[in-house]
Structures are given as structure tokens and as C-alpha cells.
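Asks:
There are 2 protein chains.
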Amino acid sequence: MELVTSQKLFDGQQQQYTHQAESVNCEMTFSIYLPPQADTQPVPVLYWLSGLTCTDQNFVTKSGAQQFAAKHGVAIVCPDTSPRGAEVPDDPEQAWDFGLGAGFYVNATQSPWKQYYQMYDYVVQELPRLVEKKFAVTTQRAISGHSMGGHGALTIALKNPERYRSMSAFSPIAAPINCPWGQKALGLYLGDDQEKWKDYDSCELIKVSSNAVPGLVDQGSADDFLQQQLNTQQLIDTVSRANYPMQVRMQPGYDHSYFFIATFIEQHIAFHAKHFDNT
Amino acid sequence: MELVTSQKLFDGQQQQYTHQAESVNCEMTFSIYLPPQADTQPVPVLYWLSGLTCTDQNFVTKSGAQQFAAKHGVAIVCPDTSPRGAEVPDDPEQAWDFGLGAGFYVNATQSPWKQYYQMYDYVVQELPRLVEKKFAVTTQRAISGHSMGGHGALTIALKNPERYRSMSAFSPIAAPINCPWGQKALGLYLGDDQEKWKDYDSCELIKVSSNAVPGLVDQGSADDFLQQQLNTQQLIDTVSRANYPMQVRMQPGYDHSYFFIATFIEQHIAFHAKHFDNT
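Residue numbers (my numbering), protein chains in the order written: chain A, 1 to 279; chain B, 1 to 279.
1) Under a three-way DSSP split, which group does B:Ile143 fall into?
2) If you draw a straight line from the C-alpha of B:Leu3 to the C-alpha of B:Pro35, how long is it?
3) Where B:Met250 and A:Ala70 are concerned, what is the direct C-alpha to C-alpha distance, given to the nearest angstrom?
4) Residues in the same chain with beta-carbon distance under 6 Å from B:Gly152, minus the five sequence neighbours each way, listed in chain order, please.
5) Counting only C-beta atoms, is A:Gln7 closer than 9 Å to chain B at any point?
6) Is the distance from the Cβ of B:Ile76 to the Cβ of B:Gln67 below 9 Å?
7) Just tell me which of A:Ala86, A:Phe98, A:His72, A:Val123 has its CA closest to the CA of A:Asp80.
8) Helix, strand or coil for A:Phe170, going by three-state DSSP, please let me know.
9) DSSP three-state label for B:Cys54, please.
10) With a threshold of 16 other CB atoms inside 10 Å of the CB of B:Lys201, please say whether the residue is buried or exposed.
11) Checking the sheet assignment: what are the DSSP bridge partners for A:Asn107?
12) Under the three-state reduction of DSSP, which class applies to B:Cys179: helix, strand or coil?
13) Could you work out which residue in B:Ser23, B:Leu205, B:Phe98 is closest to B:Leu190 when comparing CA atoms only?
14) Ignore the nearest five residues each way along the sequence and tell me which others in A:Glu266's own chain have a CB closer than 7 Å to its CB.
15) Give every residue of the same chain whose Cβ lies closer than 7 Å to the Cβ of B:Val291, excluding the five residues on either side of it in the sequence, and list them in chain order.
16) Which same chain residues end up closer than 6 Å to A:Gly220 when comparing Cβ atoms and leaving out the 5 residues on each side of it in sequence?
17) Does the beta-carbon of A:Thr40 have 16 or more other beta-carbons within 10 angstroms, so that it is buried, or is it exposed?
18) What residues from chain A crowd round B:Gln14, counting only those whose CB sits closer than 8 Å?
19) Just the C-alpha distance for B:Gln14 and B:Cys78, rounded to the nearest angstrom, thanks.
20) Could you tell me how far apart the beta carbons of A:Leu100 and A:His19 are, in whole angstroms, since I believe they sit closer than 8 Å?
21) DSSP state of B:Phe260, grouped into three classes?
22) Quick check: is the beta carbon of A:Ala175 nearer than 9 Å to any beta carbon in chain B?
23) The beta strand (DSSP E) spanning B:Ala75 covers which residue range?
24) Counting only Cβ-Cβ distances shorter than 9 Å, please list the residues of the stretch 244-259 of chain B near chain A, keeping chain order.
25) Name the chain B residues whose beta carbon is nearer than 7 Å to that of A:Thr263?
26) On the DSSP bridge list, what partners appear for B:Ala102?
27) Where does A:Asp218 sit, in a helix, a strand or coil, going by DSSP?
28) Quick check on this structure: which residue in B:His72, B:Phe59, B:Glu22 has the alpha carbon closest to the alpha carbon of B:Gly12?
29) Please classify B:Val208: is it buried, with 16 or more other beta-carbons within 10 angstroms of its beta-carbon, or exposed?
30) For B:His268, which residues of its own chain have a beta-carbon under 7 Å away from its beta-carbon, when the five flanking residues on both sides are left out?
31) Please report the residue range of the beta strand (DSSP E) in which A:Thr40 lies.
32) With 8 Å as the limit, tell me which residues of the stretch 206-230 of chain A have their beta carbon closer than that to any beta carbon of chain B; keep them in chain order.
33) Check the Cβ of A:Gly64 against every Cβ in chain B and list those closer than 8 Å, keeping chain order.
34) Under 9 Å, Cβ to Cβ, is there at least one residue of chain A near B:Thr61?
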């Protein structure tokens, strides 16, 4: 693991690292914010998963989250959104909604993707193992994300309720099996059998969930992707029918951008902090 | 004046506009954050001047300032850092410390720069005239900035104490007549007569100031530009000798980046708000 940058921020450290990642078979970059509390005691970790076209940097520079991480004594780890490198296969038409920057947090089963696109294993297993070995953190974890990363955060927590204290999302792709972004990505990464797609669909996973993870979702009403891609109403209905402990809030007038995230990230971090011990 | 974007942020609006600017003889872009209070009453305005290579966008996306502007009911206006366009002459060697993105907030007197590089007039006169005509704002103004923009904010307020209630800066180029960035820019924009440079040097202006403007300056001790370019110690000494009402704070461990600005912008906005009426 190699340190790329370390900068003081809200009395803590914002750092970026690279490391050779086994699960995705390439060098990966991630960022971590260590709050000042980590100088004296291990702190819990919030994992943040970004959306299409993003890297580990978007949330770090635009969300304003670190001030609230510093307040609550929470570390924030931001992985990249896909494997990277000249050898990693990309969308044949270099579209921005599949391939590089668009790993969808699944384990691909189809060639040529499966050799690298194992982002689910990377986020769930390999990265936490590394983080918990190298930094002053506990094994208390929460997970959040935006858009494609909101889908990633919810599905990962739903599939691993024992590993996460809480989950949240901004503008998640809540039912990828029913929207163009999801159908393209799941079809290419997982193949034509749509039954297999359900294993990465938040609404389908809520229906079969037994151990619940407390959840919070915010969605802007002026989001250009709301109708065609995000299926928020289906999430609201599914949560309601399953009586799942997830609050889904429509926020009037907000769009799909980081301005929306910046506006509500304080509440999300407070929500996660509430579910950690001793913060 | 043409609206480019308008996005909801902290219950207010973050907007970007273009307009044909007389003083700098080209189309200029600026951003404005209108806090929710502006829906019902005129609000005071903080002008933010960015540093070398920046546009109107850096502060908007990276500072996290808008949450505090929303709290205090202050609008924030961010101009670009230079005239722009194919017709605007740039540094002959396309260096990033002069020309496009590096107007230094002066009125150039030398050819070929003087036809466009009148950023002082643009920021002091033309932009406030436009803003005060078009938006729900008062004529109460404050000014702040970073690096080259910190130099701009301090010199502009020092030269116009009747126009600004308060001034502040992050990592300002505090004595440009004594550093490589300043000597290059002032030499090219203003010519060889170094007496004329003093008119755009914060330390020189403090020495001859009569009407004081309350000031706050933050400087990171781990700033790579501290020793060669910023002359913070000279500012501290000058303020002390002149008994000028400006607090200059060294902040241990912080660098020259927007992470430093994000960490202390809350205090700067509270400082400016204190000097406005009714906020």
C-alpha cells in the first residue's frame, strides 16, 4: 500500500493510497479521511460508494462530509468505482454507463469482464480487510453512496447485514433490473439470465431480507434521472410492504448533483454515527 | 446577463451567469449563491476572489461555504480570475502564473494586456453594479479570497474602505512586490516602474491606510508557497507596526489547498456576517 497524498482537513487527515488489489486484479486507488479522534483511539468506518464516471475523489472534494466525520469521530473510506488500467476492458463504445468508472459493485460472471470487474468482493472483503489492518479503525462499518453507488451501498448492506451497522443512499438506482442503466450493466456483467440480476437489486433483496439494517435514503424531486433510471417510488412501495426499517425521503427541488449530497450529508453521517458504539 | 445553471443547495440557489463585461472587453462568467433569506428580503454580499488557475467554480464546488452563507443570510459572488476568450492575450509561454486564469485583480497599463486585463475595475465596480441591480441584495459588501485572490481581496478593500464592511483572506500573496509571482505579474501588467506596483501591494497599502477595514487572514504552516511567495511574516509585522485591525493567524499543519479553506471558511463567513447589519 502506497501513500499518494496526505493533507490536513478539519484537524484530521485526508489521504489517498494505491495498492495492488487481488480481487479486481489491478492497482486500485482509494481515499480515506481519518478524523482527529483516530490519533488516540480506533474509530468506526463509513464506506462511500460513488456514482457513474466518478473516482475516489468526487466525494472527497465536493461533499463537505469530513467536517461531520470529524465531529462524530468517524473515518470515511472512498474506493474507486471500477477496476482501472490499460489492460482492463471497457465498454466497446466507451459509453460512460458501463465499464471503466461503472463497475456497478457486482462480481461479473461473463467474459471478458469477470477477470477484473469483481467490485463487490473488493468493497465487501478486500478493502475492509486492508483498512482494518492498516489504520486506527474498529470493525464497526456503515455504508453509503450516490446513484450507482447508492445502489451499491444498499445491495451490499442488504446482502451482508452482519457486516454493516447502517446503510444510506442519495438518489440510488433502486431497482436496476427495471431501468436502462441497470439492464445494460447487469446484462453484460452477469449474462442474460435475469433471475441472477435479482441478487443485485435493492427492491428484490428487501423482499427476501431477514436481518434488517437501518436505512436512510434521500432523493431529489428535480433529479433528471428520477423517472427513467432511479425507481424511487418502487423502493418506497417495497419498503412499506416489507415494513423494512428504511426511511425514504423526497427532497423538493434538489437535483442529482453533489450540491444535493452536500446539503444532506450532515444528516446521513449523524444517522450512521447513531448506530455506532461510543461516538 | 444569461443564466447558465441554477441548482438548489442548502435551501438556496447556486447559479452561474455569463454577461458581456465592458471593463474587461469580453464575455465573463460568474457564480452567485443566493441563500434562502434572499427569497423574502435583500441580503448582503460576500465577494470571493479565487487564486491562480481557478475559475468561478473552484470555490463553489470545493469550499463548503454555502451552508454558512445560508445560516447567516449572505449571498456569495464568485467572479472568474481573468478575462477569457480566444482574443484575450495570454502568457507567451502559457505559464499558469500570468495571463488567463491569472489577472491578479489589477488594471493593466501595458500593451497588449491593458485592452482586457482590467480585473480591478471589473471586481470593484462593474460586477457589484450588475449584482446589485439584478439580485435581491443590499449594498453591504465584504470581500475575501485565496492566494492571488487573497491578495486581490485585501488590496481591493484597502483601496476602497468605504465600499467594504470587512475583508479576509486565505494564504494571500501578501507582498507581491517582494515575490516571484507578484514581480512577474506586476512587471508585465504595470511596467517597470516599481513605484506603481505599490498600489497593489497589501503591505504597502496598510502603511498608508487611513480608514481601516476589519480584517481576518488565515495561513497554513505547511503551505509549500509560504516561504517564497506569500510573505506572511511581512504582513504580520506590517499589521503590528501600523496597529491595523487585522488578525493574521498561522494554522499549524495546513497546506495551500481547498481543504484548508473548507476547514476555516465557517469562521470567515461568521466574521463577515458580524460586520453586516441585521444578519
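All C-beta atoms in this analysis are idealised placements derived from N, C-alpha and C, irrespective of residue type, glycine included.
Replies: In brief:
1) strand
2) 17 Å
3) 21 Å
4) Leu49, Tyr105, Gly145
5) yes
6) no
7) A:Val123
8) strand
9) coil
10) According to the sequence provided, residue 201 of chain B is Asp. The question's Lys does not apply to it. Counting Cβ neighbours within 10 Å, B:Asp201 comes out buried, since at least 16 surround it.
11) A:Gln118
12) Looking at B:Cys179 - three-state DSSP - the assignment turns out to be coil, as it is neither helix nor strand.
13) B:Phe98
14) Phe68
15) The shown model of chain B, from 1 to 279, leaves out residue 291 of chain B, and the question about it has no answer.
16) Cβ neighbours of A:Gly220 beyond the five flanking positions: Gln251, Tyr254, Asp255, Phe260.
17) exposed
18) Phe259
19) When rounded, the distance between both Cα atoms is 11 Å.
20) That belief does not hold up - the Cβ atoms of A:Leu100 and A:His19 are roughly 18 Å apart, past 8 Å.
21) helix
22) no
23) 75-79
24) Gln251, Pro252, Gly253, Tyr254, Asp255, Ser257, Tyr258, Phe259
25) Simply Leu9, Phe10.
26) B:Gly99
27) strand
28) B:His72
29) exposed
30) Ser144, Ser168, Leu216
31) Segment: none, A:Thr40 is in no beta strand (DSSP E) and carries neither H nor E.
32) When CB distances to chain B are screened at a threshold of 8 Å, the residues of the stretch 206-230 of chain A falling below it are Gly220, Ala222, in chain order.
33) Gly64, Gln67, Ala262
34) yes
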